[in-house]
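Inspection log for the structure reproduced underneath, given as structure tokens.
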């Protein structure tokens, strides 16, 4: 019997396990790094043990520290969550050797499936269909291929290669990323199937020899080979679901599987399917399986019961499904900027309409599994996943609509997220028609556009300016009865200057009359702005510009009548940052001071770090001529490599950060002289090959 459970993980999965433990009466223990000391999962645990340090290698990957935390807290069982040590056979063995209950499959199973090459050989003998694969790049017989890490998962270390000339570098890059993420740089090469779908089967085994399939999940919408939208039960041809179940169970029985696991397959357009990998842990997307079961299946509860030696419940064979469930992964990243991770303080995190957190829903609704709350700090040390929002409804279309609506109304302030992209995918005609595969995002660049139409950005900025004026009027110590911005010279408007999330400046000019009504307004965008970002002039001067009337304004809410349609905007100010949520989408603005103080200027041509991280490689030398798009260096953050490319042609004049150096956001990474007169300088080390 498990009495006190230590979760050797963090964030959303730790909170998810704790929720089930509370319902079962099991005490909980959290372990945390210094960076996570104030995280919600730490506050929710009955006990918490500090792991000194910040990086995974210093903390969550330290087997000795985890076991010591279990000893000091009196824990009698360990749940690994997913990620970090969840699929580490040595950790599983160390837990059982310490006399603790391991909530997961036996160490020998983890070891067998953790080596993907060995797993493919073992399961091929059990009749599981496999794709052709190679361990030597020279043996590859055709393209395209996929380079994959032999250890770990989550898409790390994967590279699609379509030409033999690119294979060597792809293998080297995949090895570096795999070694950094899993401590093992072994990779192999596999045939890549165009327009393939990623489907998976949830399996469960007990210690009495039973292995059951609990249903199929569709996980084809991916970015950088990582899932971002998952659904169940999935749209499959007649008979295919049963064949997938049978194959997954055969794979589980071949290794005497115990606990929760997932067998992942690649589904080809021809209807053939091939084994990808077996994940020997609970999956991030497990809620969609839970929510479509009419019996209220709790996979974490089943994990704990099986770890205690109980058999699977009588309904272990996949029960009749009810409705449809779709999950999205809300991540701190900027999709339109090459999926650049985002960091900072999450000033507001509010998702309206959520019916439950971390649990089963009796009827249609929204479930939120979140690792963050308002005020949480998002750093660079860990994965970018903030939360998962899941909708369950009678049909797929209803679930997609409800999920998109909940996401669109969410107030997510302070950290950039992939919210807008998720909403656009869910609302796209192709997604609605089920026309999805792993290359969906590559074929649909339109989903990378922000929800807020470019032409409506000035309206949002106007709302921000009016809210600021209303708040200043409320806070005014004298003459509180005067309308905001009122002056004796009515021809001179109020002016507020903002910077948008794309770096463009937006100037808002407006006048209020003696009654507080909006007399006129105008906005200007940079002169070189594209046609997709039209300038908005005074409403009285152009029939193409919306006519706006002010209905009401407070410091946090502005109601405008825009061309005869009343629209409400929620405004949240944090210092100079202003967040506006309206019916068309959200805007993140920074209000510039009217009288800015002088600041130090960086050298012309400076390339600044987009986020904090470590420079892992420098590809060029001072004095080298580069062209736009050439790789300059590689920055590692949130466990992923991010290439930094030359923005223009020119000559590299400075490289202030060497390989291995740590940088903060805004640090100068390189300086490029792009002037026509710039010539090649003498390289600092002409004998060293910069590549």
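Residue numbers (the numbering used here): 3 to 693. Positions of the beta carbon are idealized from the N, C-alpha and C atoms, including for glycine. Just so we're clear, the structure is a prediction, and the values are computed from it rather than from any experiment.
Check                                                                                                                                                                           : Outcome
Looking only at its own chain, which residues have a Cβ that is under 6 Å from the Cβ of residue 582, when we skip the five neighbours before and after it?                     : 462, 465, 466, 571, 573 and 589
Quick one: does the C-beta of residue 115 sit closer than 7 Å to a heavy atom of the ligand GTP?                                                                                : As presented, the structure is devoid of all ligands, the ligand GTP included, so that no description of it is given.
Return the first residue and the last residue of the alpha helix (DSSP H) that residue 70 is part of.                                                                           : 65 to 75
What runs of the beta strand (DSSP E), each 3 residues or longer, lie entirely inside the region 52 to 140?                                                                     : 79 to 81
Give the DSSP bridge partners of residue 335, in chain order.                                                                                                                   : 343
Quick check: the Cα distance between residue 113 and residue 63, rounded to an integer number of angstroms?                                                                     : 17 Å
Which first and last residues belong to the alpha helix (DSSP H) in which residue 367 is found?                                                                                 : Here residue 367 belongs to no alpha helix (DSSP H); instead the beta strand (DSSP E) covers 367 to 372.
Excluding the 5 residues preceding and the 5 following residue 232 in the sequence, name in chain order all residues of the same chain whose CB lies nearer than 6 Å to its CB. : 219, 221, 287, 290 and 329
Quick one: grab the DSSP three-state call for residue 618.                                                                                                                      : strand
Beta carbon of residue 659, beta carbon of residue 608: below 8 Å?                                                                                                              : no
DSSP on residue 691, reduced to helix/strand/coil?                                                                                                                              : Its pLDDT being 41, under 50, residue 691 is placed unreliably in this model, and the coordinates cannot settle the point.
At a cut of 8 Å, does the region 227 to 245 reach the region 178 to 194 through at least three beta carbon pairs?                                                               : no
Use the C-beta contact count for residue 431: other C-beta atoms within 10 angstroms, 16 or more gives buried, fewer gives exposed.                                             : exposed
Taking Cβ to Cβ, would you say residue 235 is nearer than 8 Å to residue 323?                                                                                                   : yes
Identify the continuous beta strand (DSSP E) that holds residue 655 and give its terminal residues.                                                                             : 652 to 656
Should residue 61 be flagged as near chain C, meaning a C-beta pair shorter than 8 Å?                                                                                           : In the displayed structure, chain C is absent; only one protein chain is listed.
Let's test the definition: count the other Cβ atoms within 10 Å of the Cβ of residue 280 and tell me whether it reaches 16, buried, or not, exposed.                            : buried
My assumption, with CB atoms under 8 Å, is that residue 1 sits in contact with residue 373. Please give the rounded CB distance.                                                : Absent from the structure is residue 1, since the part of the chain shown begins at 3 and ends at 693.
Straight-line CA distance for residue 558 to residue 25?                                                                                                                        : 38 Å
Within 8 Å, do at least three Cβ pairs link the region 256 to 263 to the region 205 to 220?                                                                                     : yes
In terms of alpha-carbon separation, which member of 494, 506 and 504 lies closest to residue 515?                                                                              : 494
For a test of the three-state rule: what should DSSP assign to residue 152, helix, strand or coil?                                                                              : coil
Who are the Cβ neighbours of residue 179 in its own chain at under 6 Å, not counting the five residues just before and after it?                                                : 158, 159 and 643
Going by Cα to Cα distance, which pick from 53, 671 and 88 is closest to residue 72?                                                                                            : 53
In the DSSP assignment, what residue or residues form a beta bridge with residue 350?                                                                                           : 415
What residues are listed by DSSP as bridge partners for residue 3?                                                                                                              : Its beta-bridge partners do not exist; DSSP assigns none.
In the DSSP assignment, find the unbroken alpha helix (DSSP H) run with residue 305 in it and report its ends.                                                                  : 301 to 309
Determine the contact status of residue 440 and residue 198, defining contact as a CB-CB distance below 8 Å.                                                                    : yes
How many angstroms separate the CA atom of residue 523 from the CA atom of residue 237?                                                                                         : 51 Å
Please classify residue 473: does DSSP put it in a helix, a strand, or coil?                                                                                                    : helix
What three-state label does DSSP hand residue 547 in the structure shown?                                                                                                       : coil
Taking only three categories from DSSP, how would you classify residue 611?                                                                                                     : coil
With distances taken Cα to Cα, identify the nearest neighbour of residue 107 among 224, 264 and 40.                                                                             : 264
My understanding is that residue 131 touches residue 275, with C-beta atoms under 8 Å, so please give their C-beta distance in whole angstroms.                                 : 7 Å
Tell me where the beta strand (DSSP E) around residue 34 begins and ends.                                                                                                       : 29 to 34
When you compare only the Cα positions, how much space is there between residue 757 and residue 267?                                                                            : Outside the displayed span of the chain (3 to 693) sits residue 757, for which this structure offers no information.
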